[in-house]
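Undergrad: Residue numbers (my numbering): 3 to 141.
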Amino acid sequence: MKSTVTWIELAKHGDARGSLVAIENQRGIPFDIHRVYFIFDTLPGVSRGHHAHHDLTQLMICTAGHCKVTVDDGSTRTSMTLDDPCRGLLLDGLIWREMDDFSPDCVLMVLASAPYDETDYIRDYAEFQQLVKVDAQHS
Ligand code: T46
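(1) Say yes only if the C-beta of M111 is nearer than 7 angstroms to one or more non-hydrogen atoms of ligand 1, and no if none qualify.
(2) Closest to D85 by C-alpha separation, out of R79, D107, D74, T78, would be which residue?
(3) If you pair each beta-carbon of the region 60 to 68 with each one of the region 127 to 136, do three or more pairs fall below 8 angstroms?
(4) Give the secondary structure of A66 by DSSP, where H, G and I count as helix, E and B as strand, and everything else as coil.
(5) Do the region 114 to 121 and the region 69 to 76 touch if we need at least three Cβ pairs shorter than 8 angstroms?
(6) Taking only heavy atoms of ligand 1 into account, decide whether any of them is closer than 7 angstroms to the Cβ of M101.
(7) Quick one: grab the DSSP three-state call for V48.
(8) Rounded to whole angstroms, what is the Cα-Cα separation between R79 and L92?
(9) To which residues of the same chain is R37 closer than 6 angstroms at the C-beta, ignoring the five residues directly before and after it?
(10) Go to F130, then tell me how far its alpha helix (DSSP H) extends in each direction, as first and last residue.
This is the structure we're talking about:
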């Protein structure tokens, strides 16, 4: 399976009153949305994530403030700032993720392709690297 990290632009409906972004299932979102959660009130210096998923696609949108997301496909590690509610970061496939540098007002909203399932988490980095290797052999 190919692992990808891509930006998705969300249409902004702006008028004299301000801005609005609407997200609808299967409309510009390349997976069925089965769960939405958001991370907020993150304390200074905290780092979250530090895991990958066996079978989960997620779209991360920073709806307020800013934070840093580091993604790692097993060979390349890239850090990005999320600070725009009109732009989502799509994580698909075997991607290790870490989030830090949260501003005090940060609200990180995540749309997910499946309900919460602890057994889908890969929390050991060595195991993640092994799975990436096996995956590469089969593709
Ligand atoms: C991810 C990054 C971006 C639930 O009960 N339901 C849920 O849907 C989620 C996501 C979490 N939880 C519970 C499980 C833990 O007791 O909330 C607690 C904190 O979750 P976690 O430590 O996994 O949070 P993060 O910020 O490290 O990771 C989360 C997601 O779990 C993960 O899938 O990709 O955000």
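All C-beta atoms in this analysis are idealised placements derived from N, C-alpha and C, irrespective of residue type, glycine included. What you are looking at is a predicted structure, and each value in this text was computed from that prediction instead of being measured.
TA: In this structure, then:
(1) no
(2) D107
(3) no
(4) strand
(5) Taking a cut-off of 8 angstroms on C-beta distances, the region 114 to 121 does not touch the region 69 to 76, as fewer than three cross pairs fall below it.
(6) yes
(7) coil
(8) 15 angstroms
(9) A114, P117
(10) Residues 127 to 139.
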